[in-house]
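These notes are about the structure you will find just below.
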Amino acid sequence: MNENITESQIFKQITFERSCLGYGLAAAMGVAYFAFILTIAFDPSALAAKLSAGSVISVGIIFGVGLMAFAFLLTAIYVAVANMRLDVLGRQLREKAR
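Sequential numbering of the sequence shown, starting at 814, is according to my numbering.
Now the structure itself:
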């Protein structure tokens, strides 16, 4: 291979797709997290509301657990895309480099 790997079109595509995926998922997590934090800061009574009369579980607990579940979901999305798309491109790059 005459060209440097970092100048390869496949390498540039991998870098671009990984960056877009990472920034997109980070932005989604950031929006969800800061929405939760801003709700705590400016309207804590909304999250302090109980699920039902006599319940000890508040809406905030449900949203907090949901936020953690959302983080796991975003991680699963990253892993799935990395395995299905980025690994394929990586294999193509390695084959081209040989």
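All C-beta atoms in this analysis are idealised placements derived from N, C-alpha and C, irrespective of residue type, glycine included.
If you draw a straight line from the alpha carbon of residue i to that of residue j, how long is it in whole angstroms?
| i | j | result |
| --- | --- | --- |
| residue 862 | residue 822 | 54 Å |
| residue 814 | residue 889 | Because the pLDDT of residue 814 is 46, which lies under 50, any placement of that residue in the model is unreliable, and the question is left without a value. |
| residue 873 | residue 851 | 12 Å |
| residue 903 | residue 841 | 26 Å |
| residue 878 | residue 820 | 44 Å |
| residue 826 | residue 818 | 12 Å |
Reducing DSSP to helix, strand and coil, say where residue i ends up.
| i | result |
| --- | --- |
| residue 865 | coil |
| residue 871 | strand |
| residue 900 | helix |
| residue 833 | helix |
| residue 821 | coil |
Would you say residue i lies against chain E (beta-carbon separation less than 8 Å)?
| i | result |
| --- | --- |
| residue 888 | You won't find chain E in this structure, because it holds only one protein chain. |
Quiz item: Touch check for the segment 872–886 and the segment 831–848: three-plus C-beta pairs under 8 Å?
Solution: yes
Quiz item: Does the segment 896–909 touch the segment 859–876, meaning 3 or more C-beta pairs lie closer than 8 Å?
Solution: no
Practice problem: Determine, using beta-carbon pairs with one atom in the segment 825–842 and one in the segment 892–903, whether at least three such pairs fall under 8 Å. | Solution: yes
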